[in-house]
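Residue numbers (the numbering used here), protein chains in the order written: chain A, 1270 to 1384; chain B, 22 to 135. See structure below.
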Amino acid sequence: AQSVTQPDIHITVSEGASLELRCNYSYGATPYLFWYVQSPGQGLQLLLKYFSGDTLVQGIKGFEAEFKRSQSSFNLRKPSVHWSDAAEYFCAVGSVNNAGNMLTFGGGTRLMVKP
Amino acid sequence: DAGVIQSPRHEVTEMGQEVTLRCKPISGHNSLFWYRQTMMRGLELLIYFNNNVPIDDSGMPEDRFSAKMPNASFSTLKIQPSEPRDSAVYFCASSPFAGNNEQFFGPGTRLTVL
C-alpha cells in the first residue's frame, strides 16, 4: 500500500528566508506526486505535480519540488518566503487502477512565517 | 469554470439530526471524492465515485454515513443520525479520469454537531 510521510508537523521561518518542506513516499511503481497548499478556512489548492520527465518541477507562487527516486522523496522548496505563504502544505502520492484515480495524503506541515 | 461547489459552507446541528452535504463537481470530470478533515486524523478519504458509480467506500466510518451520486453533476453525503464526533470539515474533490490523478477541491463544509 502506498503511504506519504511529512516528518515536520510545524515549521517556522522568517520572511525572506528559504524554505524546504520534506516529503517521503512509499509506492511500488513510478509515483505521481503532488503538493497542495491549504490556507486557513480554504480548500486545497494544487501547487505542483510530477508525473514523469524532468525531476525538478516548477509550480505556482514560486515553489518548486525535486523528485529523488533513490531517496523516495519529493521535497518542496522556495528561495524566499513571503508572509502570505503561511498555510498548511500537503504532499500526496497518486495511483491509477482500473477503477479510477486515488490520492494518499501526508499528514501536512503547517508553515508559520515570522516578520 | 466555477470550480467544485459545495453547500452549505457551514452547518451547525444537534446530535441525532440528519445532515446532508452537497457537491457539484467540475463539468466533464468523471471522478468525485469525499474527504473529511479533522485535527486528530488529518485528511481522510471517505468514498469516491467513478462515472457516478461508488468505487471504494472503505473510508466511510460507519453505517450512519451514506453517499450518492445520482448524476454526473451532483453528489450528496448524508449523516444520519449525526453525532458530535462527526464535527469536521468535509471536502469534495473532482478529477478528470485521464490517469493524471490531479484532484480539484471544493471550499469545504464545516460541520458542527452539538
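Note that beta-carbon positions come from the ideal geometry of N, C-alpha and C, so glycine has one too.
Does any residue of chain B bring its CB to less than 8 Å from the CB of residue i?
i: Asn-1370(A); result: yes
i: Phe-1343(A); result: no
i: Gly-1377(A); result: yes
Specify, as a first and last residue, the run of the beta strand (DSSP E) that residue i falls within.
i: Ala-88(B); result: 86–92
i: Leu-135(B); result: Here Leu-135(B) belongs to no beta strand (DSSP E), and DSSP marks it neither H nor E.
i: Arg-1379(A); result: 1378–1383
i: Thr-59(B); result: 52–59
i: Asp-1323(A); result: Asp-1323(A) -> no beta strand (DSSP E), and no H or E assigned at all.
i: Asp-77(B); result: 74–77
i: Gln-27(B); result: 26–28
i: Glu-1284(A); result: Counting along the chain, Glu-1284(A) falls outside any beta strand (DSSP E), and DSSP gives it neither H nor E.
Go ahead and pull the three-state DSSP assignment for residue i.
i: Asp-1354(A); result: helix
i: Gln-1340(A); result: helix
i: Arg-106(B); result: helix
i: Gly-63(B); result: strand
i: Gly-1331(A); result: helix
Between residue i and chain A, is the shortest Cβ-Cβ distance under 8 Å, so that the two count as touching?
i: Leu-98(B); result: no
i: Tyr-111(B); result: no
i: Pro-128(B); result: yes
Can you tell me whether residue i is buried or exposed, with buried defined as 16 or more other CB within 10 angstroms of its CB?
i: Thr-1378(A); result: buried
i: Glu-1357(A); result: buried
i: Gly-1322(A); result: exposed
i: Arg-30(B); result: exposed
Residues of the region 1304–1335 of chain A whose Cβ lies closer than 7 Å to any Cβ of chain B, in chain order: Listed by position, the residues of the region 1304–1335 of chain A near chain B (Cβ gap below 7 Å) are Gln-1311, Gly-1312, Leu-1313, Leu-1315, Lys-1318, Phe-1320.
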